[in-house]
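Under full-length UniProt numbering, the first residue of the sequence shown is numbered 1, with each subsequent residue one higher.
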Amino acid sequence: MAVTEKQTLGFQAEVKQLLQLMIHSLYSNKEIFLRELISNASDAADKLRFEAINNGALFENDPDLKIRVDFDKDARTITIADNGIGMSRDDAVEHLGTIAKSGTREFFSKLSGDQQKDAALIGQFGVGFYSAFIIADRITVESRRAGLPASEGVRWESGGEGDFTVEAIDKADRGTRITLHLREGEDEFLSSWKLKSVIRKYSDHISLPIQMKKEEWSEEKKEMVVSDELETINQASALWARNRADITPEQYAEFYKHVSHDFQEPLTFTHNRVEGRSEYTQLLYIPSHAPFDLWDRNKRGGIKLYVKRVFIMDDAEQLMPVYLRFVKGVIDSSDLPLNVSREILQESRDVKVIREGSTKRVLGMLEELANGDEQDQKDKYATFWKEFGQVLKEGIGEDSNNKERIAKLLRFASTQNDNDAQTVSFEEYVSRMKEGQDKIYYVTADSYAAAKNSPHLEIFRKKGVEVLLLTDRVDEWMLSFLQDFDGKELVSVAKGDLDLGKLEDEAEKKQHEETEVQYKDLVEKMKTALADKAKEVRVTFRLTDSPACLVADENELSGNLVRMLKAAGQNAPESKPILEINPDHPLVQRLKYEDGKFDDWANILFDQAALAEGGTLADPAGFVKRLNEMLLGMASR
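Below, the structure written as structure tokens:
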């Protein structure tokens, strides 16, 4: 049975916290309240259009969707009304009294104390309605959901404190009317000029008319007076459907903020009409910073789908691959049916064509930035890579058709640079390869410091050979799909036997062979001592300063990947590493003549090598004990 009497209900605890923030802290840009409420009204109209595809009766003989903004100087109120989908009583309690738990925690964790930055989060986290409390000390919402009888309207009201009231009302027209009762000192918004300027600044791109009463000059009163005639303040046409020459950069930027709920401007965008086998319009943006949920691969995409300018869905993930989930924008198809569902999108050949075309367009945008000669383009790509580079790397394994294009966009840290900036491309690396070098060398580690100081790099530093330093968690996975670039094999300096090819002359090779013979007995003895730890022991010439290092066999997981899998709670295949010893190091040379403590020395070398590559010890107490005994033994001599 429907509840008819007026009820007082308490806000969710997170809403109370948010309201205090709105009222007392976010005063840097008060205008955002109108942007957010108009954006919500536009969304309500889009939802009605979508539901009415299968139920035309929801229009209730009022198919002309619009938003109306009014103000009353005497009552000191501003009203924003729409004839969109509207709300039932339960909708009002749910949408205006609570915030989605997942978004709430993230919202408050992102707050920085900077008013402008914090205000920018409001729309992104879907809490834009509450921004109205920045200028209002009381808000009244009257609404009726399309399809419900007039008697099932609802009035929601709150003063922005700990509770709100909700009651049933008669409401003849569907949709929502929000009345803001202004705080003292906010009378600047009780002005036709002010409201119109804010609407044109933030909401000109809204595709349905935003109307206000006209103001006309009265000769009799010698002042501007408000008439009963309505005028449309915005252009009221879908921005993506307009000619590019008629759209200003500012309008493109504001539309981006509308579709993305982002306060900052995008890095770049593309606006195109595609004709041919499949006809569609795309307006796609690359953001300038990562959203809070970038790493949620289950989150639906940021592309709004329209069919013949009718809104269909908010997050059409089938239109963009997962590795491009940061892209925001609109795709408007001329070919898809209006009643298209997610299941139909999954199977549609037209959608596949749109997805492929849009993917290529986004990669083209990134290539323009990455290969641009202007400093502004270079700076923008550096920003993009810092924010989204790890996500783009996922494309190497997910998009085989564009793998080569994506590989050219990748950037890495390198031994060529003095800092951890990921600025080196494969093409740049190849252009600097030494004469006779035919491989691209890399090392993986869980941090830049660990990669830069890896003992595996010693011979490469000695020979002046550049090595890429890969430290992102996605790198190991990516490399399983990327074996070469431009015909040059990608080789880990920490896997398999070292093969420098033509970088090593015949004299060096001969000397190495002789040394291996000299250390054959020591190697066999160490194999016995480390049988439970090492798969093999061998002499290496990749080291110049360290006594030993661990390497993985050619076809086994690297030590870094094994550690990552275990840290993530996943099972890693059990395999023993190979211990390589440096015949030129004094510790190794001494070991040739050690008898009594040989096993302890061998274990210390192995454990040191494990620690040097960022590993953990199975028996750290045993390592410390052996090391102390060795130190005491040396001190007593």
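Quick reminder that beta carbons are idealized off the backbone N, C-alpha and C, glycines included.
Between Tyr448 and Ala413, the CB-CB gap stays under 8 angstroms. With respect to the 8 angstroms criterion, Asn582 and Ala548 are classified as neighbours on the basis of their beta carbons. Straight through space, the alpha carbons of Asp438 and Leu469 are spaced by roughly 18 angstroms. Here Trp477 carries a helix assignment [DSSP, helix/strand/coil]. For the pair of segments examined, the stretch 474-492 was found not to touch the stretch 531-541: the number of CB pairs separated by less than 8 angstroms stays below three.
The beta carbon of Tyr256 is closer than 6 angstroms to those of Pro266 and Tyr285 in its chain, skipping five residues each way along the sequence. Fewer than three beta-carbon pairs drawn from the stretch 514-521 and the stretch 457-467 are found closer than 8 angstroms, and the two stretches are therefore not classed as touching. Residue pairing by DSSP places Leu490 opposite Ile440 in a beta bridge. Within the model, the alpha-carbon separation for Asp315 versus Tyr306 is close to 11 angstroms.
The three-state secondary structure of Tyr593, taken from DSSP, is coil. Around the CB of Trp156, 16 or more other CB atoms lie within 10 Å, so the residue is classed as buried.
The continuous beta strand (DSSP E) containing Met212 extends over residues Ile210 to Ser218.
Comparing alpha-carbon positions, the option among Lys222, Ala253 and Glu223 lying closest to Lys201 turns out to be Ala253. Trp295 and Ala612 have their alpha carbons spaced roughly 30 angstroms apart. A straight line joining the alpha-carbon of Ser333 with that of Val351 spans about 9 angstroms. Distance from the CA atom of Ala421 to the CA atom of Ile396, rounded to whole angstroms, is 21 angstroms. If you look at Tyr285, you'll find it in the beta strand (DSSP E) that goes Tyr280 to Ile286.
Of the residues Phe292, Pro455 and Arg473, the one whose Cα lies closest to the Cα of Val467 is Pro455. Two segments are said to touch when three or more pairs of C-beta atoms, one from each, lie closer than 8 angstroms; by this definition the stretch 308-324 touches the stretch 43-52. Each of Phe426, Pro620 and Lys380 was checked against the Cα of Ile440, and the nearest Cα belongs to Phe426.
Its chain contains Ser207 and Arg309 as the residues whose beta carbon lies nearer than 6 angstroms to that of Ala238, once the 5 sequence neighbours on both sides are disregarded; these appear in chain order. A residue is called buried when at least 16 other Cβ atoms come within 10 angstroms of its Cβ; Tyr280 meets this threshold and is buried. Approximately 7 angstroms separates the beta-carbon atoms of Ile199 and Val69; this is inside 8 angstroms, confirming the contact. Approximately 25 angstroms separates the beta-carbon atoms of Arg542 and Glu574; this is outside 8 angstroms, ruling out the contact. Each of Glu508, Asp505, Ala451 and Ala44 was checked against the Cα of Ser492, and the nearest Cα belongs to Ala451. The residue from Ala529, Tyr429, Gly276 and Ala81 with its alpha-carbon nearest to that of Lys488 is Tyr429.
Using a C-beta cut-off of 8 angstroms, the stretch 27-46 makes contact with the stretch 73-80, since at least three inter-stretch Cβ pairs fall below that distance. If you keep only unbroken alpha helix (DSSP H) runs of at least 4 residues inside the stretch 139-221, you get 192-202. In the three-state reduction of the DSSP assignment, Gln416 falls in the coil class.
The Cβ-Cβ distance between Phe59 and Leu96 does not fall below 8 angstroms.
Taken atom to atom, the span from the alpha-carbon of Ile67 to that of Trp193 is near 17 angstroms. The beta carbon of Arg626 lies closer than 7 angstroms to those of Asp600, Asn603 and Ile604 in the same chain, with the five residues before and after it left out.
Asp228 is classed as exposed because its beta carbon has fewer than 16 other beta carbons within 10 Å across all chains shown. In the structure shown, Gln7 adopts extended strand secondary structure according to DSSP, grouped into three states. For Ala136, the three-state secondary structure derived from DSSP is strand.
Around the beta carbon of Pro620, a 10 Å sphere encloses fewer than 16 other beta carbons of the protein chains shown; the residue is thus reported as exposed.
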